[in-house]
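Enquirer:
In the numbering used here, the protein residues as written are 34 to 276.
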């Protein structure tokens, strides 16, 4: 029996990045940052269509040109050109998906929408496939997470008078149990992949509502937000440190 849903890829890339100007087209190992995520979406061979969502026609033209230069098919690439209102830094991606994107791009109510952010260029095809298969098997939304690179049990709030307050009730700063191996592991969402069943959007307020958390490695979940992040991603990619 034919499946009753499509698997659609959504790759958002605004032009108004504040900390690192035009980071989405800044060249990472010789290619625009957006290229790496779109390349992954093409190579995974699972998407009915790949929707590149941007407020910049320039970005789209750069993407298409780079894909062709690297002998990658642009057949499944669709442009979602956002207006000023829908590309504002105040507009949350989830709200745009829920209230605008679905209708504008003819995504059906039973489809699986897979969001890949360009700021995580180190994700593997294996991870993309695993998460999509899990979303289909469990019929649940999925978001990716990675372990904090420091123990947040040591987190504290510092006041202007140099006094401080531990953020966790049984903080090792209070108990004296500061051995790293005794600390509980905590995780944070990362931009590797989010799987959203469109039929759940109506009742959800965030990507994380009633969703499952899929763990990736720290390097795979490396998020490019500033120049330092960019340089580290370049190093990790150059030496293939994805694990």
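Quick reminder that beta carbons are idealized off the backbone N, C-alpha and C, glycines included. Remember, it's a predicted structure, so these values are computed and weren't measured experimentally.
Starting from residue 74, trace the alpha helix (DSSP H) both ways and give me its first and last residue.
Expert: 66 to 76
Enquirer: For the beta strand (DSSP E) holding residue 82, just list the boundary residues, first then last.
Expert: 82 to 87
Enquirer: Please give me, in chain order, every unbroken run of the alpha helix (DSSP H) with length at least 4 that falls completely inside the region 175 to 238.
Expert: Here the runs fully enclosed are 205 to 208.
Enquirer: Bridge partners of residue 60, per DSSP?
Expert: Beta-bridge pairing links residue 60 to 65.
Enquirer: Could you give the residue range of the alpha helix (DSSP H) that holds residue 266?
Expert: 260 to 271
Enquirer: For residue 106 and residue 84, what's the separation of their Cα atoms in angstroms?
Expert: 14 Å
Enquirer: Out of 198, 214, 192, which one is the CA nearest neighbour of residue 184?
Expert: 214
Enquirer: At the level of alpha carbons, what is the spacing between residue 47 and residue 220?
Expert: 27 Å
Enquirer: Indicate whether the contact test is met: 3 or more Cβ pairs, each with one atom in the region 137 to 154 and one in the region 227 to 234, closer than 8 Å.
Expert: yes
Enquirer: Can you have a look at residue 273 and say buried or exposed, based on whether 16 or more other CB atoms are within 10 angstroms of its CB?
Expert: exposed
Enquirer: In the DSSP output, which residue or residues are listed as bridge partners for residue 154?
Expert: For residue 154, which the question treats as bridged, DSSP gives no partner whatsoever.
Enquirer: Residue 87 to residue 131, Cα distance in whole Å?
Expert: C-alpha separation (whole angstroms): 16 Å.
Enquirer: Do residue 127 and residue 239 count as a contact pair if the criterion is CB distance below 8 Å?
Expert: yes
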